[in-house]
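J.:
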Amino acid sequence: MTTDLRNPTVAGFHPDPSVVRVGEDYWLACSTFEYLPGIPVLHSRDLTTWTRVGHVVTRPDQLAVAHVPTGGGAWAPTLRHHDGLFWVAVTDALGRGTLLFTAQDPAGPWSDGTVVEVDGIDPDLAWDEDGTCYLTYSALRLTGDRVGAHDGIEQVRIDPTTGRALETPRSLWSGTGLMFPEAPHLYRHDGWWYLVIAEGGTERGHSVSVARSTRPDGPFEGAPTNPVLSARSTSRPVQNTGHGDLVQTPDGGWAMVLLGMRTRGATRGFSPMGRETFSTHVSWQDGWPVVDPVELTAPGAGSFRDDLDGAVPDGEWIGLRRTPAELMDLTTRPGHALLRGEGTDLDDPRAVFVGIRQAHHRSRFAAQVDAADGLGGVAVRYDELHHYDVELGRGTVVARGRVAGIAQTWSAPAPDGPVTLWVETEPVTDVGFASMTSDVVRLGFDGPDGRVELAALDGRYLTAETAASFTGRVVGLYAVEGEVVVDGVTYDGRDD
Ligand code: 6LW
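Whatever position you read off the sequence shown (first residue = 1), add 16 for the working numbering.
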């Protein structure tokens, strides 16, 4: 049954969701860009409660993430099941290109990745009844001398075991005329082949449109009701809805998972968590899908505790361009994480940074940090140009606001010994000028006489709308120099 869909379905930066059902089990995968492990795989029995079971990318060589600029990396996986095998088609943007991964068990391990020679993004995989495999993708050219040119939706028959194209790609559909036709998914239903795409760009105009054909390779005819989903020009609390993937429930119902943004702040709205996964009900009328608008459900709450006494990092952690295991040494000092600085700070795309996704509007991330032999601390990161930090070292605690290359700092003498550093986010609910922003980000530490707040910064500069990155906020730990020793981390969040 799908009556109780929960929204957000997967909170915190989880964009470009793709879903497949095998028997009673639903599996979901999302984009991860420059973070590792890449492409989380989640499991559900009811489309409502999702549990992460593993990741497609657990070994650095599977993607070229170590070398891609911010914004590159794992884009828009399609998760499918065919002939007893799970398949993920994904773009390693500005890295290895279009890749196919397979696994017997969706929890992993996944294969090393087979390269498919197509120039585009958002690959979809579909098989017809003869076993012919169709790779359908968005012809956004990321290579060659026309980087960024967008030529609609294309398709090519491939041998999925070798990645070899079996023909010259054909143009399939260019959508209804909105910008950036992308995120194609192809399905067979009721004697038709349906092509579901995103259009309008991933910003406020984001939409889902659909076309159908009697054949998987077209010609496709658009629905008279297109776009079948869009939050554009509404004040709905979930904006940017698009990039949908359909799934049929065992009882014959239908649902769509999609990306959206929870915006806060009067008039314009800003989205601290970036693009998250949402879901909604779908019905069929006159041979076309009718997609319900996306509604927010009861406010969520959640917490995370890590005493750092395991031998391997908890699956919640994501690392910047490296796996958490490469960034956190949990064995040299049992019960502690040791981060080793490399002389780079958070302005560097390859900073030593490991964190968890901020998943709630109101949140607090805190860590007990000892920087007697180093420099580092806690931070909320959007990208290397947009981050707020609390840094300990050389006898001082420094709060830093870094926005679009402009920085300001506030400092105080550090207490002796390990110090609890924190970053808090507080949604703005006032009426008036202050309500233009999403939230206030508070930076500080616990001193001997209690809480010391060094700065309270406007949160809108760390949102999808201003940072323009494809990810969302990640709250975490970083090291600049020497050894930064962390003894326990807490995250508490709720939406209100
Ligand atoms: C993704 C494209 C998009 O490949 O953004 O929202 C790109 N849509 O479909 C990165 O997520």
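Glycine is no exception: its CB is placed at the ideal position from the N, C-alpha and C atoms.
1. Measuring only the C-alpha atoms, how far is Thr453 from Arg380?
2. What residue range is occupied by the uninterrupted alpha helix (DSSP H) comprising Ala480?
3. Please state whether DSSP places Thr265 in a helix, a strand or coil.
4. From the DSSP output, which residues share a beta bridge with Ile55?
5. With distances taken from CA atoms, which of Leu391, Tyr398, Ile422 is nearest Arg410?
6. Count the other CB atoms, across all protein chains shown, that sit within 10 Å of the CB of Ser427; report buried if there are 16 or more and exposed otherwise.
7. Where does Pro340 fall in DSSP's three states?
8. Have a look at Cys149, Arg220, Ile372, Asp474 and flag the residue whose alpha-carbon is nearest the alpha-carbon of Leu275.
9. Look at the alpha carbon of Gly504 and the alpha carbon of Val273, and state the distance between them as a whole number of angstroms.
10. Cβ of Ser47 versus every heavy atom of the ligand 6LW: is any distance shorter than 8 angstroms?
11. Determine the extent of the beta strand (DSSP E) in which Gln374 is found, giving its start and end residues.
12. Can you tell which of Gly70, Ala27, Glu133 has its C-alpha closest to the C-alpha of Asp121?
13. Is it buried or exposed for Ile422, if we count other Cβ within 10 angstroms and need 16 for buried?
14. For Asp302, count the other beta carbons within 10 Å of its own beta carbon; 16 or more makes it buried, fewer makes it exposed. Which is it?
15. Going residue by residue through the stretch 309 to 335, where are the continuous beta strand (DSSP E) segments of at least 3 residues, counting only ones entirely within it?
16. Apply the 10 Å Cβ neighbour rule to Ala240 and answer buried if 16 or more other Cβ atoms are within range, or exposed otherwise.
17. Along the chain, where does the beta strand (DSSP E) that runs through Val439 open and close?
18. Using the three-state DSSP reduction, which class does Pro76 fall into: helix, strand or coil?
19. Give a yes or no on whether the C-beta atoms belonging to Pro257 and Phe486 are separated by under 9 angstroms.
20. To which residues does DSSP link Leu115 through a beta bridge?
21. Under 9 angstroms, do Asp405 and Val394 count as touching if we go by C-beta distance?
22. According to DSSP, is Ser454 part of a helix, a strand, or is it coil?
23. Given Thr18, which residues of its chain have a CB within under 7 angstroms of its CB, disregarding the five upstream and five downstream residues?
24. Candidates Gly318, Arg278, Ser299: which alpha carbon is nearest Arg476's?
25. So the candidates are Asp140, Glu469, Val368; which of them puts its Cα closest to the Cα of Thr114?
26. So, are the CB atoms of Gly433 and Asp474 less than 9 angstroms apart?
27. Taking the beta strand (DSSP E) that Gly466 falls in, what are its first and last residues?
28. Taking 6 angstroms as the limit, tell me which residues put their C-beta closer than that to any heavy atom of the ligand 6LW, in chain order.
29. DSSP three-state label for Thr18, please.
30. Return the CA-CA distance between Ser327 and Ser287, expressed in angstroms with no decimal places.
31. When the Cα atoms are used, what is the spatial distance from Ala80 to Glu170?
32. Using only CA atoms, which one of Leu21, Leu478, Thr130, Val490 lies nearest to Gly285?
33. Select from His83, Val104, Ala415 the residue whose C-alpha is nearest the C-alpha of Pro93.
34. Answer yes or no: do Gly88 and Thr130 have a C-beta to C-beta separation smaller than 9 angstroms?
35. What is the rounded straight-line gap between the Cα of Trp304 and the Cα of Thr152?
T.: Walking through what the data contain:
1. The alpha-carbon atoms of Thr453 and Arg380 are separated by roughly 19 angstroms.
2. Counting along the chain, Ala480 sits inside the alpha helix (DSSP H) bounded by residues 480 to 483.
3. Coil.
4. Paired residues: none, contrary to the question.
5. Among Leu391, Tyr398, Ile422, the Cα nearest to that of Arg410 is on Leu391.
6. Exposed: under 16 other Cβ atoms inside 10 Å.
7. When secondary structure is reduced to three states using DSSP, Pro340 falls in the helix class.
8. Comparing Cα-Cα distances from Leu275 to each of Cys149, Arg220, Ile372, Asp474, the minimum goes to Arg220.
9. Going by the C-alpha atoms only, they are around 35 angstroms apart.
10. Remark: the shortest separation between the CB of Ser47 and any heavy atom of the ligand 6LW falls under 8 angstroms.
11. Taken as a continuous stretch (DSSP letters only), Gln374 belongs to no beta strand (DSSP E), as it is neither H nor E.
12. Closest by alpha carbon: Gly70.
13. Around the Cβ of Ile422, a 10 Å sphere holds fewer than 16 other Cβ atoms; the residue is exposed.
14. Counting C-beta atoms within 10 angstroms of its own C-beta, Asp302 has fewer than 16 neighbours from the protein chains shown and is therefore classed as exposed.
15. Correct list: 317 to 322.
16. First, the amino acid is wrong: residue 240 is Pro here, not Ala. Classification of Pro240: exposed, given that the 10 Å Cβ count is below 16.
17. Annotation: the continuous beta strand (DSSP E) that includes Val439 extends over 435 to 443.
18. Helix.
19. The sequence given here has Thr at residue 257, not Pro. Contact: no.
20. Answer by DSSP bridge pairing, in chain order: Val106, Val131.
21. In contact: Asp405 and Val394 (Cβ atoms closer than 9 angstroms).
22. The answer is coil: DSSP assigns Ser454 none of H, G, I, E or B.
23. The predicted position of Thr18 is uncertain, since its pLDDT is 43 and thus under 50; no value can be drawn from it.
24. Ranking Gly318, Arg278, Ser299 by Cα distance to Arg476 puts Arg278 first.
25. Among Asp140, Glu469, Val368, the Cα nearest to that of Thr114 belongs to Asp140.
26. Contact: no.
27. Secondary structure note for Gly466: its beta strand (DSSP E) is the uninterrupted segment 466 to 474.
28. Here the list is Pro31, Asp32, Ser47, Trp91, Ala92, Ile137, Asp138, Glu198, Ala199, Ala214, Thr218, His259, Phe486.
29. Confidence at Thr18 is low in this model, with a pLDDT of 43, below 50, so the placement of that residue is unreliable and no value is reported for it.
30. What sits at residue 327 in the sequence shown is Ala, not Ser. Approximately 35 angstroms, taken between the alpha carbons.
31. Cα-Cα distance, rounded: 25 angstroms.
32. Taking only the C-alpha atoms, the option nearest Gly285 is Leu478.
33. Nearest to Pro93 by C-alpha distance, out of His83, Val104, Ala415, is Val104.
34. Taking 9 angstroms as the cut-off, the beta carbon of Gly88 is found no closer than this to the beta carbon of Thr130.
35. Annotation: Trp304 to Thr152 spans about 20 angstroms, alpha carbon to alpha carbon.
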